[in-house]
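Residue numbers (this note's numbering), protein chains in the order written: chain U, 1 to 277; chain F, 1001 to 1322.
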Amino acid sequence: MTRRTWTTGFRVTLGLVVAVTMVMPLVWMVTTSLREPGSVPPRRLEWIPDPVVWSNYRDVFDALPFATMAANSVIVTAIAVPLSVLCASWGGFAMSQLVPSTRRWLVALALVAAMIPTTATWVTRFVLFSQANLIDTWWPLILPALMGTSPLFALVYLWSFAGIPRDIFDAARLDGTSAFRTWATIAFPLVRPTTIAVTMLTFTMHWNNFTEPLIYIQSLDRQTLPFALSALFQLAPTDWPMLMAAAVMLTVPAVVVFLIGQRSFIESARGEGWLGN
Amino acid sequence: MSSREHSTRDMAGAPAQPVTAGVGRRPRLFRDIAWRGQLILLLLPFLAGIVLLVFLPALIGLPLAFTSYNSLDPPEFTGLRNFRDLWNDRIFHLSLRNTLGFIAVAVPLRLLGALAIALLLARRVRGVGSMRAAVVLPTVVPDIAWALAWLWIFNPIYGPLNILLRTIGIEGPAWMLDENGARFAIILMMSWQFGEGFVICLGALSDIPSEIVDQARVDGAGRWEQFRSITLPCIAPYLLVLVVRDTLFSLHANFVPAKILGQEGGPNYATTYLPMWIYTNAFSYLRLGYAAAMTWVTFLFTFAIVMSTWLVLSRRFGRWGP
């Protein structure tokens, strides 16, 4: 009994040390963003800057069209995330209902597509998008949502739908319900945990996306928020308080969405969450 | 009543099998055709996405690799010149070596980290949810913000990391100013972002049937024995998938760190990994044909790494398997 308590105590302590280590870089990001600009950098570890200065956050907006870029990010994400979830769940649902031979082909195709690193398509996507006159528009950022942003999400949906007893769908089909209605009224509501996880992950991918805007978008007023950070870094490479203030503002939405969505997949009980089965 | 009859009959066979029922045959046939048509419609956006954005670009890369193309003038056929140039490109060779070295160190490190911490936080104790969230948190931070934060952390004089090291009496390296320091720094900052592997390990661990573990404990198996003969074989398939996935991830994910921390792959090309060099050639030098050739070489290289990892590990895991 005491030995068990002792090991649990050890586990908790070690877990805390790990947790603190993991978030430490973010803590430093925040404390640095509150330092007085231009002041002598600290020679010792500093947890709360003296004085605490909030003006760095305002300075970001004066340095470049940060608000416009934030709005662009919001618009692109607000279009791309629902579209990803729709297309991934449609694809997954269709795959789960098609005959096994067709399904095997589609799964193989999706897996191969997921294996091809995005790096391998940079150059030719750029060529295709410039042929289609889509460079410097938001299309190159939104179009990947058609394949669910990552082809893996359609497979995640496929596995979730495969976990639902087949007779439910068969009954709907025999009652003359259309495939779309079956998806909308039966299948999609039954896989809520998957939808939460996919929404969260696609949000992170689109909100955080830096490389694709960097390649496909040229005008600053059409750029998204991650590019603002690199532009700011070019403008003021040593103004750490301002850079970190911008980094905090970019990071907060990603963290908030993660914290809202995380319960569904980290704390999901065995067999319930999208990783459970 | 008849609908119930149909449904039981249908459950026995696959939906695509020819309909043999005599009564109501035509409507049912139409209905099945309509259903399949609707399914294909639902599948269409996804198929269009992977064909237009993955397979088509991957295929167009091949002819493009034999041309000289700057995205303004029409491409000009140059035969094998791009590949000859690649053969002689010192920085391309260096970027291959950098990438291999990165994979060899970062992938095992990230995986072991994910597994060790998943083992630590697998049991439900008080506050474990917050600890798990804290472990995944760095993974959801935007790459660019993460890279900038670490550029500050790695500052040789004022950076928190070297200050921390100094308080315990170690003079930290110059990090991004030094070739090996820079390589190590990028591996270090990326080894915080193993959330995906962690979540998958956690899921795999929670799927181990508790009866087996209890039985082993009753039989007097020690902790290590339990891990080696129960835990590891149970999660081996997940680990195998993770190794492959992480290798693929490592082949492109170091682009942003190399661009920001390495300031375009420096110092002295030490952090010029393959994606960095492809990007530089394609979008800074506008040598799109050359970059396409490099992409194809990268592609084959990826394929070789993934296949050999898969073969070696599946053989090894095969021995552990049930």
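Each residue gets a CB set at the ideal place from its N, CA and C atoms; glycine is no exception.
When you compare the CB of residue i with every CB in chain F, is at least one pair closer than 8 Å?
i        : result
U/Met242 : no
U/Met69  : no
U/Gly15  : yes
U/Phe258 : yes
U/Leu143 : yes
U/Arg103 : no
U/Ala19  : yes
U/Thr5   : no
U/Trp28  : yes
U/Gly176 : yes
U/Trp207 : yes
U/Leu146 : yes
Can you tell me whether residue i is helix, strand or coil according to DSSP?
i         : result
F/Thr1247 : helix
F/Glu1000 : Missing from the structure shown is residue 1000 of chain F; chain F here goes from 1001 to 1322 and no further.
F/Thr1298 : helix
U/Thr177  : coil
U/Ser150  : coil
F/Thr1067 : strand
F/Arg1036 : helix
F/Arg1124 : coil
U/Gly261  : helix
U/Ser39   : coil
U/Val52   : coil
U/Ser219  : coil
F/Asn1155 : coil
F/Arg1162 : Reading off the sequence shown, one finds Asn at residue 1162 of chain F, where the question assumed Arg. It is helical.
U/Ala108  : helix
F/Pro1267 : coil
F/Glu1171 : coil
U/Phe210  : coil
F/Asp1178 : coil
U/Ser89   : helix
Buried or exposed for residue i, please, with buried defined as at least 16 other CB atoms from any protein chain shown within 10 angstroms of its CB.
i         : result
F/Arg1228 : exposed
U/Gln131  : exposed
U/Phe10   : exposed
U/Thr204  : buried
F/Val1136 : buried
F/Tyr1069 : buried
U/Thr21   : exposed
U/Pro144  : buried
U/Thr119  : buried
U/Glu212  : buried
F/Ile1200 : buried
F/Ile1117 : buried
F/Tyr1285 : exposed
F/Ser1095 : buried
U/Ala108  : exposed
F/Val1141 : buried
For chain A, check one thing: does any of its Cβ atoms lie closer than 8 Å to the Cβ of residue i?
i         : result
F/Thr1271 : Absence of chain A from the displayed structure is noted, the protein chains being U and F.
Is any non-hydrogen atom of the ligand SAM found closer than 7 Å to the C-beta of residue i, if you look at the structure I gave you?
i        : result
U/Ala113 : The ligand content of the structure shown is nil, which means the ligand SAM is not present either.
With 8 Å as the threshold, decide whether the Cβ of residue i is near any Cβ in chain U.
i         : result
F/Pro1209 : no
F/Leu1112 : no
F/Phe1030 : no
F/Leu1242 : no
F/Trp1224 : no
F/Phe1369 : With chain F running from 1001 to 1322 in the structure shown, residue 1369 of chain F is simply not present.
F/Met1131 : yes
F/Asp1214 : no
F/Ser1071 : yes
F/Tyr1279 : yes
Output needed for residue i: all residues of its chain with C-beta closer than 8 Å, excluding positions within five of it in sequence on either side, in chain order.
i         : result
F/Ile1186 : Phe1102, Asn1254, Pro1257, Ala1258, Leu1261, Gly1262, Thr1271
Going by beta carbon distance, what residues of the same chain come within less than 6 Å of residue i, once the five residues before and after it are set aside?
i         : result
F/Leu1311 : none
F/Ile1208 : Cys1234
U/Ile116  : none
U/Trp138  : Val76
F/Met1131 : Leu1121
Ordered along the chain, which non-local residues of its own chain (more than five positions away) have a Cβ less than 7 Å from that of residue i?
i         : result
U/Val30   : Val248
F/Ala1216 : Gln1226, Ile1230
Can at least three beta-carbon pairs, one atom from the segment 239-257 of chain U and one from the segment 171-178 of chain U, be found at a separation below 8 Å?
no
Assess contact between the segment 49-64 of chain U and the segment 253-261 of chain U, defined as three or more Cβ pairs (one per stretch) separated by less than 8 Å. Is contact present?
no
Hey, is the segment 223-237 of chain U in contact with the segment 63-80 of chain U, meaning 3+ C-beta pairs nearer than 8 Å?
yes
Evaluate contact between the segment 1032-1048 of chain F and the segment 74-91 of chain U, counting only Cβ atoms and requiring at least three cross-stretch pairs below 8 Å.
yes
Do the segment 1294-1301 of chain F and the segment 144-164 of chain U touch if we need at least three Cβ pairs shorter than 8 Å?
no
Okay, do the segment 1055-1067 of chain F and the segment 1141-1159 of chain F touch, 3+ Cβ pairs below 8 Å being the bar?
no
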